[in-house]
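Per my numbering, the very first residue in the sequence shown carries number 12; after that it's consecutive.
No residue lacks a Cβ here, since even glycine has one placed at the ideal position from N, Cα and C.
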Amino acid sequence: MSDPRITSSIFTRGAVDLSALRTPAPTPTPAQSGPPAGAPGGAVGAVTVIDVTEATFQSEVLERSLTTPVVIDFWAEWCEPCKQLSPVLERLAVEGGGAWVLAKIDVDANPRIAQMFRVQGIPMVYAVIGGQPVDAFSGMVPEAQLRQWIQAVLKAGGVTVAESTDPRLDEADDALMSGDLDVAERAYRKILADSPADAAAEAGLAQVGLARRVAGADPQAALAAAEANPDDVDAQLLAADIEVLSGLADQAYRRLVGVVRRTAGDEREKVRQHLVGLFTMAAPEDPAVAAARRSLASALF
Numbered sequence: 012m013s014d015p016r017i018t019s020s021i022f023t024r025g026a027v028d029l030s031a032l033r034t035p036a037p038t039p040t041p042a043q044s045g046p047p048a049g050a051p052g053g054a055v056g057a058v059t060v061i062d063v064t065e066a067t068f069q070s071e072v073l074e075r076s077l078t079t080p081v082v083i084d085f086w087a088e089w090c091e092p093c094k095q096l097s098p099v100l101e102r103l104a105v106e107g108g109g110a111w112v113l114a115k116i117d118v119d120a121n122p123r124i125a126q127m128f129r130v131q132g133i134p135m136v137y138a139v140i141g142g143q144p145v146d147a148f149s150g151m152v153p154e155a156q157l158r159q160w161i162q163a164v165l166k167a168g169g170v171t172v173a174e175s176t177d178p179r180l181d182e183a184d185d186a187l188m189s190g191d192l193d194v195a196e197r198a199y200r201k202i203l204a205d206s207p208a209d210a211a212a213e214a215g216l217a218q219v220g221l222a223r224r225v226a227g228a229d230p231q232a233a234l235a236a237a238e239a240n241p242d243d244v245d246a247q248l249l250a251a252d253i254e255v256l257s258g259l260a261d262q263a264y265r266r267l268v269g270v271v272r273r274t275a276g277d278e279r280e281k282v283r284q285h286l287v288g289l290f291t292m293a294a295p296e297d298p299a300v301a302a303a304r305r306s307l308a309s310a311l312f
């Protein structure tokens, strides 16, 4: 699953038939506060993250979604990308404070649910509102784009979210989320032409660049190539992109600061600019960015 785009074509409203799962179930056991042994991520509050089985699916997903948006994370213990995406989803769910609930479903332990949702590869993430799936994406996505997707889910579920003061930014974000990178790029550049310091547009444009750079890349092969060729600048840049996409931004920053220390001239400047571009996709107060900026300054001077 190397495609980082969230595409509306993955899911069509009404295409998932959950009728077979709407049968009376045995009395469910209390939801666990975190993933089962061996699952990605750590224990978090039951209000925001729950483990779901076929026995608890109706109550914990379908019925809960009548009042609170539910995001389903289909995962498996053997799935390495799942171990990267799941902790990010868990952290965002906790951050949401109960505005939405993350339901984690092990596809190996619950094959019938995975079949009902037509899960053909993992990680696979669905949003359920009012007892029905409303949107989905597969593979890894940048955290900033994931936040946008969750915000759209909350709005669809009637949850009040902070609105953008610039409708042009909403249009650009929608194009990015739908995978129309050319339209998104033009929209972000137009905003920046009028407002050169617009941080949101800068972040969106950086996400477009990231999506294009990793398109078609094999994450595991890219990381292995970077490990085998520490002096190959392009390999290191792609590996850093993959790490950011996988929710390992701090690791990507450390990688590129190390490359800056080992290079000089045009190569060093190329890496520096790439790293600064990755910074723009993070929240301004992100401590990992602050630490990386200090390390970068030390490496340069």
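In the DSSP assignment, the beta strand (DSSP E) including residue i goes from what residue to what residue?
i       : result
Pro-144 : 143–149
Asp-177 : It is not in any beta strand (DSSP E) - Asp-177 carries neither H nor E in the DSSP assignment.
Asp-117 : 112–117
Ile-61  : 60–62
Val-72  : No beta strand (DSSP E) contains Val-72, which DSSP labels as neither H nor E.
Based on Cα-Cα distance, which residue from the options lies nearest to residue i?
i       : options                               : result
Val-194 : Ala-138, Asp-84, Val-219 and Asp-229  : Val-219
Arg-279 : Pro-298, Asp-243, Arg-102 and Ala-299 : Asp-243
Val-319 : Phe-68, Val-82 and Cys-90             : Past the boundaries of the shown model lies residue 319; the chain is included only from 12 to 312, so the question cannot be answered.
Pro-98  : Ala-217, Ala-208, Pro-80 and Ser-257  : Ser-257
Leu-77  : Leu-234, Val-170 and Asp-177          : Val-170
Val-130 : Ile-116, Val-282, Leu-307 and Gln-143 : Ile-116
Arg-283 : Ala-138, Ala-208, Ala-299 and Arg-266 : Arg-266
Phe-68  : Ala-260, Ser-189, Lys-166 and Phe-128 : Phe-128
Gly-107 : Gln-162, Ser-149 and Pro-92           : Gln-162
Pro-144 : Gly-150, Val-136 and Met-151          : Val-136
Gly-142 : Arg-273, Pro-92 and Gly-168           : Gly-168
Val-152 : Cys-93, Ser-206 and Pro-122           : Cys-93
Leu-103 : Glu-74, Leu-165 and Glu-71            : Leu-165
Pro-241 : Val-225, Val-271 and Ala-138          : Val-271
Ala-198 : Arg-123, Glu-182 and Ile-140          : Glu-182
Ala-303 : Gly-276, Asp-261 and Ala-293          : Asp-261
Asp-205 : Val-225, Gly-190 and Asp-177          : Asp-177
So residue i and residue j are in contact, right, with Cβ under 8 Å, and what is the actual spacing, rounded?
i       : j       : result
Ile-133 : Ala-66  : Not really, about 21 Å apart at Cβ, beyond 8 Å.
Asp-84  : Leu-113 : 6 Å
Val-255 : Leu-289 : 6 Å
Tyr-264 : Ala-299 : 6 Å
Ala-155 : Leu-192 : No, Ala-155 and Leu-192 are not in contact; Cβ-Cβ is about 15 Å, not under 8 Å.
Ile-253 : Ala-228 : 7 Å
Taking 6 Å as the limit between beta carbons, can you name the residues of its chain near residue i, skipping five residues before and five after?
i       : result
Leu-180 : Ala-211
Glu-196 : Val-219
Glu-213 : Thr-291
Thr-38  : Any answer about Thr-38 is weak, because its pLDDT of 42 lies below 50 and its placement is not dependable; what the coordinates show is given next. Excluding residues within five positions, none has a Cβ falling inside 6 Å.
What are the start and end residues of the alpha helix (DSSP H) that includes residue i?
i       : result
Ile-124 : 122–127
Ile-133 : Here Ile-133 belongs to no alpha helix (DSSP H), and DSSP marks it neither H nor E.
Ile-160 : According to the sequence displayed, residue 160 carries Trp and not Ile. Looking at the DSSP string, the run of the alpha helix (DSSP H) that includes Trp-160 is 154–167.
Val-287 : 276–290
Val-300 : 298–311
Val-81  : No alpha helix (DSSP H) holds Val-81; the beta strand (DSSP E) holding it covers 81–86.
Val-105 : 91–107
Val-194 : 192–205
Please go through the same chain and pick out, in chain order, the residues whose beta-carbon is closer than 8 Å to the beta-carbon of residue i, but skip the five residues on each side of it.
i       : result
Ala-120 : Thr-64
Glu-296 : none
His-285 : Leu-248, Ala-251 and Leu-267
Glu-91  : Gln-231
Ser-306 : Tyr-264, Arg-265 and Val-268
Ile-140 : Ser-76, Pro-80, Val-81, Val-164, Ala-167 and Gly-168
Val-72  : Val-63, Val-81, Ile-83, Ala-114 and Val-139
Tell me which residues share the same chain as residue i and place their Cβ nearer than 7 Å to its Cβ, disregarding the 5 neighbours each side in the sequence.
i       : result
Asp-209 : Ile-202 and Leu-203
Asp-184 : Gln-159 and Gly-215
Lys-281 : Val-244
Arg-123 : Glu-65
Ala-246 : Ala-236, Ala-237 and Asn-240
Tell me, please, whether the CB atom of residue i is closer than 7 Å to any CB atom in chain C?
i      : result
Trp-89 : Given the protein chain composition of this structure (a single chain), no chain C is represented.
In chain order, each beta strand (DSSP E) run of at least 3 residues that lies wholly inside the stretch 216–269: none
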